[in-house]
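**Student:** So for the sequence shown, my numbering puts the first residue at 3; every next one is plus one.
Glycine is no exception: its CB is placed at the ideal position from the N, C-alpha and C atoms.
Small disclaimer: the values here were computed from a predicted structure and weren't measured.
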Amino acid sequence: MILVSFVLLIGCTEVPMNTPPETKLVHADTLVGIHGGYLEVKGEDKESPANELHFLIEVDGVEMPMESNRFDLSNLEEGVHRIRVWTVDPQGAEDPSPVEITVRVDLTPPPRPLLSTKLVSSMLEVEILDYGIEEVDTEQLLITFDSSSVTTTYTDHFQLKLNKGEGKKTLSVVAIDAAGNPSPPATFVVDTDFDRPPNLFLEPKKFLSLDEAELALYVGDDWDATPLVFAEVDGERIEVGIDKVEIPSRISRGWHTLRISAEDSEGNENQVSRVFYFEKDRPPPPKLEIRGNLVRLEKQQKDVTVGLYNLGDDGELRFFNSLESDEAAFMPYGIVLGRSVSASGMRSTYSAPKVRPLTWLVPYDRAVLAAVTQDTVISSGTTVHVPGLAVTVPEDKTLVVEQGGLLALDQSARLVVKGTLMVRGAIVGGELLINGGRLIVDGAQMTGVNVKVVNGPLVSFNSAKLQGCEIEVIGVRFVIISETDFGGTVLNASSVDEYHMWQSEAAGVNLKGVGDAIVVESSLGSLTVSSLSKCEMSDSNLSGSLTVSGMSELYIRDSQLHTKKISVSMAAVLIVEKTWMDALELLVTRNARCVLRYNDVQAKLAVNLKDADLAFYHQARKEIEIRAAGGYRIFDHEP
C-alpha cells in the first residue's frame, strides 16, 4: 500500500528542463581590409556560468568550433561571406537563434591617384583626375606635404599655399578606401626656386564681327597674381578685359593678326597670336514664307544661318529652330520672326513677322464696323467704314484687312487695338491706338492715319507705303521696319527695347530711351538719338539734322551725311566711320565725345569744341577747322 503510494507520487512530480543558452553580438567588422577585423560574441545561460559556455561558427556553410568568443576575420579570403555564430552550454544545448552577419573582405588597395597640378599665383592647385578610384569606395586622402600630413575626406580638388624661394617641396597623396586599404602614393615635386613664364590661352575663334567681337582669354602665372598683359591688332595696342579681349569697332573689315603677350615681375614673357577675320557688314534679313504648317525661306541666303523665334504673349522672343537655305521647319501658332547670322556672328535685322492664326477668320460682310467680337477679316474688294466713334479689337481677337480690302475711318474715329491688327490692304483716315496689342502692316497703304502704339510687344511695317501719317511708339518691345516708304512721316520711338530698320525711307527718326537701334540701307531726313539710346546706322543716307544727346551712343559707318549741323552734347558719343560727309558744322559740347575715322570730308567742316573730346583715327584733317574753348581734349588717336 505504501509502496504503491510512493510510486504514484514519483510519477506525478514535474522534472525541470534545461533552457538553451542565448548568443549576443558584441562587435563585428562587416568590411575587412588589410588591417584586419574580428567578430566578438558573448553567451548567456540561466543554468551555466559564462566560462563554461563555448561557441560554434559557420562560415559559408562550413561549421567549426571557436577557440574563444572572438573570431579573427583577417584569415578569410577576399569576397563576401555569410557567417552564423551560436552558443553551446556544458550539457550540449545550442542556441536555436544564431547570430547571422554578412562580411565583405576587401584586400585590394585602390589605384594610385593620378594628379594634375598647376601653380597659379603662389597656389598649388591639385586635381585628382577621374580614373575610377570612386568605384572602389575611396573615402579618404592622406596628403603629405613638406613632412606635414593630414587625412581628409575624399575630394577631387584641393589647394596648397607655397612660398617662392624655399627650394624643392614634395607632395604625396595616398587614396584610402572604405576598408582602410591605402593606395600606392602619388608624388609630385615642385621647385619653388623656379619661375616659369606666364601661361596664356586664347579662344580659338577665327571669325569675329561687331556682334561677336570677344575672345575668351586666360592668363595665369606661377607666382604673380597680376602679370602684365598686352594685346595688339596688327601692331596697334587694344584694351584687355577681365578674362577676355574684345576687338574694338575701329578695326577695319578684313583679315588681321591679334597678338597677346604677358610678362611677370621677373621679366619672363609669353605670347600667343591668332589670325582672324573681322566682319562689319550685316546680312540682309531673311524673307520667310508659310506653306501649310511649315515655314521656309522665300529666297535662299548664302553663308548664313537663320534663327526662328516665336513671340510670346509676354513679349519675349523664344528660339525654336534654325533654317538652312533648302530646309523647312514646323510653324507654330502665333507670330514668328527670323534673323540671319553670318559665320562671323554678324546678325541681320529681324524679318517681317509671319502669323499662323489659331482660329479661322470670319469675313466681315457689313458696310460699317461697329464692333469686333470674333477673329475677323475684311476681304479683298470689301470696304468697311468706321464712323466717328471708338471701336475696340479685344485682347484675344484679331482683325485682318486683306490685300484689296479697305478700312476707312472718319477723321474723328478711333480704332483701339488690344489684340492684333494685321493690315495687308489699306487704311485711310482716323486714329489707330494700339493699346497693349500688336500692329503688323505688310504690303499695305496707309493714308492720313494717326498711329499711336503704347505698351505693345510688336510693331511691324513691311513693304508698306504711308502718306500724311503720324507715328508715335511708346513702351514697345520690338519695332521692325523693312522696305517701307514713310513719305513725309517722322517716326517717334521712346522706351523701345529693339528698333530695327532696313531699306526704308522716312522724313525723320527720333529715338528716345531706345535700348538697341539698327538702321541699315535706309534714307532719313533727320535723326535724333537721346536719353540713353544706343543706335547703329550703316550704308544709309542722312539729308537733314543729326543730334545726339543725353548719354546716348550713335555709330555711323559706310554712309552719306548731307547736313548743315551735327550736334553732340550731354555726355553722348558719336562715332563716324568711312562716311561721305557734307556738313558745315559739328558742335561737340558738355562732356560729349566725337570720333572721326577714315571719313571723306567734302566741304570745310567747322568743329566747335567746348568742354568735350574730339578724336581722330586715320582721319584726314585738311578740310576740318577746329574752334576749341573751355576744357576740351583733342586726340590724334582713339583713346
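Judging by CA-CA distance, which residue of Ile85, Glu54, His56 and Glu42 is the nearest neighbour of valine 62?
**Tutor:** The sequence position of residue 62 within the sequence shown is 60, counting from 1. One detail in the question is off: residue 62 reads as aspartate in this sequence, not valine. That would be Ile85, whose Cα lies nearest to the Cα of aspartate 62.
**Student:** My guess is that threonine 172 and threonine 194 are in contact by the Cβ rule of under 8 Å, so how many angstroms apart are they, rounded?
**Tutor:** Reading the sequence shown from its first residue, position 170 is the one you call residue 172. Reading the sequence shown from its first residue, position 192 is the one you call residue 194. The Cβ separation is near 12 Å, so there is no contact.
**Student:** Are the CB atoms of valine 443 and asparagine 464 nearer to each other than 8 Å?
**Tutor:** Locating residue 443 in the sequence shown gives position 441, counting from the first residue. Locating residue 464 in the sequence shown gives position 462, counting from the first residue. Going by C-beta atoms, valine 443 is nearer than 8 Å to asparagine 464.
**Student:** I believe leucine 363 touches serine 353 by the beta-carbon criterion, under 8 Å. Please report the beta-carbon distance rounded to the nearest angstrom.
**Tutor:** Taking the sequence shown and counting its residues from 1, one reaches residue 363 at position 361. Taking the sequence shown and counting its residues from 1, one reaches residue 353 at position 351. Not quite, the Cβ-Cβ distance comes to about 23 Å (not below 8 Å), so this is no contact.
**Student:** Is it right to say glutamine 303 is buried, meaning 16 or more other beta carbons lie within 10 angstroms of its own, or is it exposed?
**Tutor:** Position 301 of the sequence shown, counting from 1, holds the residue named residue 303. That one is buried.
**Student:** Assess, as a yes-or-no matter, whether the region 378-389 is touched by the region 316-330 under the definition of 3 or more beta carbon pairs within less than 8 Å.
**Tutor:** Because the criterion of three Cβ pairs below 8 Å is not met, the region 316-330 and the region 378-389 do not touch.
**Student:** Just reading off the beta strand (DSSP E) that proline 250 is part of, what are its end residues?
**Tutor:** What you label residue 250 is simply residue 248 of the sequence shown in a count that begins at 1. Neither: proline 250 is in no beta strand (DSSP E) and is coded neither H nor E.
**Student:** Report back the beta-carbon spacing between isoleucine 473 and leucine 493 to the nearest angstrom; my notes put them in contact at under 8 Å.
**Tutor:** In the sequence shown, residue 473 corresponds to position 471, counting from 1. In the sequence shown, residue 493 corresponds to position 491, counting from 1. Their Cβ separation, rounded to whole angstroms, is 5 Å, which keeps isoleucine 473 and leucine 493 in contact under 8 Å.
**Student:** Measure the CB-CB distance between valine 221 and proline 199 and report whether it falls below 8 Å.
**Tutor:** Against the sequence shown, residue 221 aligns to sequence position 219. Against the sequence shown, residue 199 aligns to sequence position 197. Not a contact, by the Cβ cut-off of 8 Å.
**Student:** DSSP on leucine 75, reduced to helix/strand/coil?
**Tutor:** For the purposes of this step, residue 75 is taken as the residue at position 73 of the sequence shown. Looking at leucine 75 - three-state DSSP - the assignment turns out to be helix.
**Student:** Indicate the three-state DSSP secondary structure (helix, strand or coil) for glutamate 16 in the structure shown.
**Tutor:** For the purposes of this step, residue 16 is taken as the residue at position 14 of the sequence shown. Its pLDDT being 45, under 50, glutamate 16 is placed unreliably in this model, and the value from its coordinates should be taken loosely. Of the three classes helix, strand and coil, the one that applies to glutamate 16 here is coil, per DSSP.
**Student:** Could you check what DSSP says for asparagine 464 in three-state terms: helix, strand or coil?
**Tutor:** Walking along the sequence shown from the start, residue 464 turns up at place 462. Residue state, collapsed to three classes: strand.
**Student:** At the level of alpha carbons, what is the spacing between glutamine 447 and threonine 491?
**Tutor:** Locating residue 447 in the sequence shown gives position 445, where the first residue counts as 1. Locating residue 491 in the sequence shown gives position 489, where the first residue counts as 1. If you take the alpha carbons of glutamine 447 and threonine 491, they lie about 13 Å apart.
**Student:** Relative to the C-alpha of threonine 486, which residue among Ser545, Val453, Val498 and Trp504 is closest?
**Tutor:** Indexing the sequence shown from 1 puts residue 486 at position 484. Threonine 486 has its Cα closest to that of Trp504, out of Ser545, Val453, Val498 and Trp504.
**Student:** Does the region 73-83 come close enough to the region 26-41 to have 3 or more Cβ pairs within less than 8 Å?
**Tutor:** Judged by Cβ distances under 8 Å, the region 73-83 makes contact with the region 26-41, as three or more pairs qualify.
**Student:** Alpha carbon to alpha carbon, what distance is there between leucine 435 and serine 275?
**Tutor:** Indexing the sequence shown from 1 puts residue 275 at position 273. Indexing the sequence shown from 1 puts residue 435 at position 433. If you take the alpha carbons of serine 275 and leucine 435, they lie about 57 Å apart.
**Student:** Need the endpoints of the beta strand (DSSP E) that glutamate 472 sits in, please.
**Tutor:** As a working mapping, residue 472 is identified with position 470 in the sequence shown. Looking at the DSSP string, the run of the beta strand (DSSP E) that includes glutamate 472 is 472-476.
**Student:** Can you check the region 554-611 for any beta strand (DSSP E) of at least 3 residues that lies completely inside it and give the ranges in chain order?
**Tutor:** Complete beta strand (DSSP E) runs here, min 3: 555-559, 562-570, 575-579, 582-591 and 595-599.
**Student:** Does aspartate 638 come out as helix, strand or coil in the three-state DSSP assignment?
**Tutor:** The residue you call residue 638 lines up with position 636 of the sequence shown. If DSSP states are grouped into helix, strand and coil, aspartate 638 belongs with coil.
**Student:** Based on Cα-Cα distance, which residue from Gly546, Gly527 and Asp560 lies nearest to glutamate 647?
**Tutor:** With the chain running from 3 to 641 in the structure shown, residue 647 is simply not present.
**Student:** Only counting runs of 3 or more residues, tell me where the beta strand (DSSP E) segments fall wholly within the region 375-435, in order along the chain.
**Tutor:** Within the region 375-435, the complete beta strand (DSSP E) runs of at least 3 residues are 378-380, 385-388, 392-395, 400-403, 408-411, 416-419, 422-425 and 428-430.
**Student:** Quick one: Cα of glycine 35 to Cα of valine 107, how far?
**Tutor:** Numbered from its first residue, the sequence shown carries residue 35 at position 33. Numbered from its first residue, the sequence shown carries residue 107 at position 105. Rounded to the nearest angstrom, the two C-alpha atoms are 6 Å apart.
**Student:** Tell me, please, whether the CB atom of threonine 157 is closer than 8 Å to any CB atom in chain D?
**Tutor:** Among the chains of the structure shown, chain D does not appear; only one protein chain is present.
**Student:** Applying the criterion that 16 or more other CB atoms from any shown protein chain within 10 Å of the CB defines a buried residue, is asparagine 601 buried or exposed?
**Tutor:** Along the sequence shown, read from residue 1 onward, the residue named residue 601 stands at position 599. Label assigned to asparagine 601: buried.
**Student:** Among residues of its own chain, excluding the 5 on either side of serine 525, which ones have a beta-carbon nearer than 6 Å to its beta-carbon?
**Tutor:** As a working mapping, residue 525 is identified with position 523 in the sequence shown. So the list reads Glu507 and Asn543, once near-sequence residues are dropped.
**Student:** Who are the Cβ neighbours of glycine 167 in its own chain at under 7 Å, not counting the five residues just before and after it?
**Tutor:** Indexing the sequence shown from 1 puts residue 167 at position 165. So the list reads Thr194 and Asp195, once near-sequence residues are dropped.
**Student:** I want to know whether the region 417-426 touches the region 390-399 - three or more CB-CB distances under 8 Å.
**Tutor:** They touch, by the three-pair rule.
**Student:** Can you tell me where the beta strand (DSSP E) with lysine 208 in it begins and where it stops?
**Tutor:** The residue given as residue 208 occupies position 206 in the sequence shown. Note, lysine 208: premise wrong, no beta strand (DSSP E); not H, not E.
**Student:** How about leucine 576 and leucine 563: are their beta carbons less than 8 Å apart?
**Tutor:** Here residue 576 refers to the residue found at position 574 when the sequence shown is read from its first residue. Here residue 563 refers to the residue found at position 561 when the sequence shown is read from its first residue. Not closer than 8 Å, so no.
**Student:** By DSSP's criteria, isoleucine 337 is part of a beta bridge. Which residues make up the other side?
**Tutor:** As a working mapping, residue 337 is identified with position 335 in the sequence shown. Note: isoleucine 337 sits in a beta bridge opposite Leu313 and Val357.
**Student:** Determine the burial state of tryptophan 257: buried for a count of at least 16 other Cβ atoms within 10 Å of its Cβ, exposed for fewer.
**Tutor:** Along the sequence shown, read from residue 1 onward, the residue named residue 257 stands at position 255. Tryptophan 257 comes out exposed.
**Student:** Can you tell me which of Asp518, Val82, Thr89 and Asp541 puts its alpha carbon nearest to the alpha carbon of methionine 68?
**Tutor:** On the sequence shown, residue 68 is found 66 positions in, with the first residue counted as 1. For methionine 68, the nearest C-alpha among the options comes from Thr89.
**Student:** Report the rounded CA-to-CA distance for asparagine 165 versus aspartate 226, giving the unit in angstroms.
**Tutor:** Locating residue 165 in the sequence shown gives position 163, counting from the first residue. Locating residue 226 in the sequence shown gives position 224, counting from the first residue. Straight-line Cα distance between these residues: approximately 12 Å.
**Student:** Who are the near neighbours of threonine 449 in its chain, counting only those whose CB is closer than 7 Å to its CB and skipping five residues on each side?
**Tutor:** Start at 1 with the first residue of the sequence shown, and residue 449 comes out as number 447. Counting only Cβ-Cβ distances below 7 Å, and skipping sequence neighbours, we find Val430, Gln469 and Gly470.
**Student:** Should leucine 696 and proline 355 be called a contact, given that it needs their Cβ atoms to be closer than 8 Å?
**Tutor:** Coverage of the chain is limited to positions 3 through 641, which leaves residue 696 absent and any answer about it impossible.
**Student:** Can you tell which of Met583, Ile262, Glu214 and Ala373 has the C-alpha that lies nearest to the C-alpha of alanine 415?
**Tutor:** Here residue 415 corresponds to residue number 413 of the sequence shown, with the count starting at 1. The shortest Cα separation from alanine 415 among Met583, Ile262, Glu214 and Ala373 belongs to Ala373.
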